[in-house]
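These notes are about the structure you will find just below.
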DNA sequence: CGGGGCGCTGTGAGTCCGCTGAGAACCTGT
DNA sequence: ACAGGTTCTCAGCGGACTCACAGCGCCCCG
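Chains as they are written, first to last, in the working numbering: chain A, 1 to 219; chain B, 1 to 219.
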C-alpha cells in the first residue's frame, strides 16, 4: 500500500510518515500543493492524505483538479478547521473523508483503512472496446478475459485511445497528450512503434490505421 | 442540463430528484422501463440515470434498445448487484458508467458530472449529401449505409465538396484548396482524375460536371 | 454533319507512408 | 555491478498513393 502525504509542517509530516511506515505502508512526502498534485497525478498511490492549508495550492484546489482530470484516488483531507461547512466543502470537491486537527493517530489509521477498504466504491468507469477492457482503478487490462501486461507507455497510449474512442487521433496529438505536453522532440515513428507493440499484445482488429490521418479504435 | 431518472422505488426517485434539482438540474422521473424508454427516445435529455431492476423492461433492455436505435444519450446504470460480471454486462450493452447501490450522493454527482463533461467533447458535425455521409471525427465515409474506403486525397476532395457543394467549384479553386495552397505546379487534369476516383467509389449521381466551369454536388 | 475542345480514363513510374526488426541508452530492482 | 525491462531511434521494406501522360469519347458549336 502506497500513500502520499501532502503536509507542509515538516515535523508533523515526518511523524506521520514514521508511524505509517511502521504500520506497513510505503509513504512519500510532498511539502506543498503543487508538488503534491504532481505526485498524485502519477497515479501510483492507493490513497492521499491531504492537508487543507498548504502554501501555493490549497488542498481543496488539489483534490478539485485531480477529480477534474478523472483521477479518483481516495483522498482524505486533514484540516485545523472543523466547521461543518468546511467538511461539506471538502467532500463537494471530491474528497472521500475528512479529518480535523488535532487528530488521534489511531483514529487516522482506522479511517484510512476504512477508506482503502471501500475504495472500490468511487471507482472510475471501466473503459472497453470490443473485448478489450481497461480498468483505470487497478490499471489492469484484459483481452477476451485474459490479462495482458502493458508497459507504462503502452498503458497510457491504450487509455488515451479508449477515452477518445471512435474518433481519429493524429500521431502529433498522441505525442502531445501521451508523450510530452511539448509534443516536440519526438518522432511520429515512435507512435507507430508503440501502436505496433499494442497490436502485438492486444491482437489485430483493435486499432485501425487511417492512412494519412492517424489511428482509430476499431468498432 | 436535463436529466431523466428511471427508478421504480418512489422514495429513492423522489430523493434523487430533490438533490439533483437542488444542484441545478432539470429532472424528469419515469417509474418503469417502458415509460423510461419512451421518454429517453424524445432525445431531449443530456443524460439518463437508469436503474437495472425495473418492472416490465429491465435497465439492460432499455439501454440496449436505445443503442440499437442509434440513440447515444449518456447512460449511467444504477444497480444493487455489484458483481464484476454485472458491470461488464451493463457496459457491454452500451451504458457509459455504472454505479452500485448503495451509493453516496456525492459520488453520484461527481460521476454524473464527469459523464456529462466527457460527452460534451465537442464533435464536428457530420456532413451529408444525398446518401453520402462523411464524419470528420472518425473520417468515415458511407454511401447508403455502406462503408467506403477513401485515400487521403480523395477524402479531402470529398470533404471540400460537401462543405462547398451547393455552388460550382472550379478546378483551379480545388487545386488551391485541396492540393497546394500555392495551387501552381499541378495540372487541372489531376482534379479530373480524382473526381473520377470518387465517382467510381461513391457511384454516379453524386458529383455533377458543369462543363466549362467546374463541378458541383448533385442534389 | 463535321470539327474542335473539354472532360474522362487506363497505364505506369516515382514518391510517400506506415510497419518492423535491431539495437543503443536508460532506468530499476536485486 | 548486473539482469531485465522499457523507451526511443534508425534504416529498410513493401504497399498504397499521387500524379503525369496520352488516347479516346462526348458535347456543343458552327
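Ideal Cβ positions, reconstructed from N, Cα and C, are used throughout, including at glycine. Computed from a prediction, not measured in an experiment: that's the story for all the values here.
Within-7 angstroms CB hit, residue i to chain A
i: residue 60 of chain B; result: no
i: residue 31 of chain B; result: no
i: residue 139 of chain B; result: yes
i: residue 152 of chain B; result: yes
i: residue 18 of chain B; result: no
Same chain, Cβ closer than 7 angstroms to residue i, five either side skipped, listed in chain order
i: residue 131 of chain A; result: 143 and 144
i: residue 219 of chain A; result: 166
i: residue 153 of chain B; result: 194
i: residue 61 of chain B; result: 33
i: residue 202 of chain B; result: 132, 143 and 148
i: residue 20 of chain B; result: 3 and 27
i: residue 96 of chain A; result: 74, 75, 76, 115 and 122
i: residue 224 of chain A; result: Chain A is shown only over 1 to 219; residue 224 of chain A falls outside these bounds and no answer can be derived.
i: residue 105 of chain A; result: 19
i: residue 139 of chain B; result: 155
i: residue 120 of chain A; result: Its pLDDT being 43, under 50, residue 120 of chain A is placed unreliably by the model, and the measurement read from it follows with that caveat. Here the set comprises nothing.
i: residue 11 of chain B; result: none
i: residue 170 of chain A; result: 213 and 214
Close-in-space but distant-in-sequence residues of the same chain around residue i (CB under 8 angstroms, 5 per side omitted)
i: residue 159 of chain B; result: 127, 134 and 136
i: residue 168 of chain B; result: 210, 213, 214, 215 and 216
i: residue 205 of chain B; result: 130 and 218
i: residue 190 of chain A; result: 175 and 179
i: residue 207 of chain A; result: 161, 195, 198, 199, 215, 216, 217 and 218
i: residue 44 of chain B; result: 2
i: residue 186 of chain B; result: 175, 179 and 180
i: residue 84 of chain A; result: The predicted position of residue 84 of chain A is uncertain, since its pLDDT is 46 and thus under 50; a value taken from the coordinates is nonetheless stated next. There are no such residues.
Boundaries of the alpha helix (DSSP H) in which residue i is found, first to last residue
i: residue 35 of chain A; result: 33-41
i: residue 193 of chain A; result: 188-202
i: residue 57 of chain B; result: Run containing residue 57 of chain B: none; DSSP gives neither H nor E here.
i: residue 174 of chain B; result: 171-174
Any C-beta of chain B under 7 angstroms from that of residue i
i: residue 212 of chain A; result: yes
i: residue 131 of chain A; result: no
i: residue 168 of chain A; result: yes
i: residue 15 of chain A; result: no
Close-in-space but distant-in-sequence residues of the same chain around residue i (CB under 6 angstroms, 5 per side omitted)
i: residue 161 of chain A; result: 217
i: residue 1 of chain B; result: 25 and 46
i: residue 156 of chain A; result: 178
i: residue 55 of chain A; result: 8 and 32
i: residue 15 of chain A; result: none
Endpoints, beta strand (DSSP E) assigned at residue i
i: residue 19 of chain B; result: It is not in any beta strand (DSSP E) - residue 19 of chain B instead sits in the alpha helix (DSSP H) that spans 10-22.
i: residue 3 of chain A; result: 2-6
i: residue 134 of chain A; result: 132-135
i: residue 214 of chain B; result: 214-217
i: residue 73 of chain A; result: That residue, residue 73 of chain A, is in no beta strand (DSSP E); it is neither H nor E in DSSP.
i: residue 30 of chain B; result: 26-30
i: residue 210 of chain B; result: 207-210
i: residue 45 of chain A; result: Note, residue 45 of chain A: premise wrong, no beta strand (DSSP E); not H, not E.
i: residue 166 of chain A; result: Element bounds for residue 166 of chain A: n/a, residue is neither H nor E.
i: residue 97 of chain A; result: 97-100
Residues in the region 33-45 of chain B having any Cβ partner in chain A nearer than 9 angstroms: Going along the region 33-45 of chain B in chain order, one finds no residue with a Cβ nearer than 9 angstroms to chain A.
What are the uninterrupted segments assigned as beta strand (DSSP E) that are 3 or more residues long and contained completely in the region 138-162 of chain A, given in chain order? At a cut-off of 3 residues, the continuous stretches assigned as beta strand (DSSP E) that sit fully inside the region 138-162 of chain A are 140-143 and 146-148.
Please name the residues in the region 100-112 of chain B whose beta-carbon is closer than 8 angstroms to at least one beta-carbon of chain A, in chain order. Going along the region 100-112 of chain B in chain order, one finds 100, 103, 104, 106, 107, 110 and 111 with a Cβ nearer than 8 angstroms to chain A.
Return the residues of the region 1-13 of chain A that lie within a Cβ-Cβ distance of less than 7 angstroms from chain B, sorted by chain order. Of all residues in the region 1-13 of chain A, none has a Cβ within less than 7 angstroms of some Cβ in chain B.
Using a beta-carbon distance cut-off of less than 8 angstroms, what residues from the region 174-207 of chain A approach chain B? Taking 8 angstroms as the Cβ-Cβ cut-off against chain B, none of the residues of the region 174-207 of chain A qualify.
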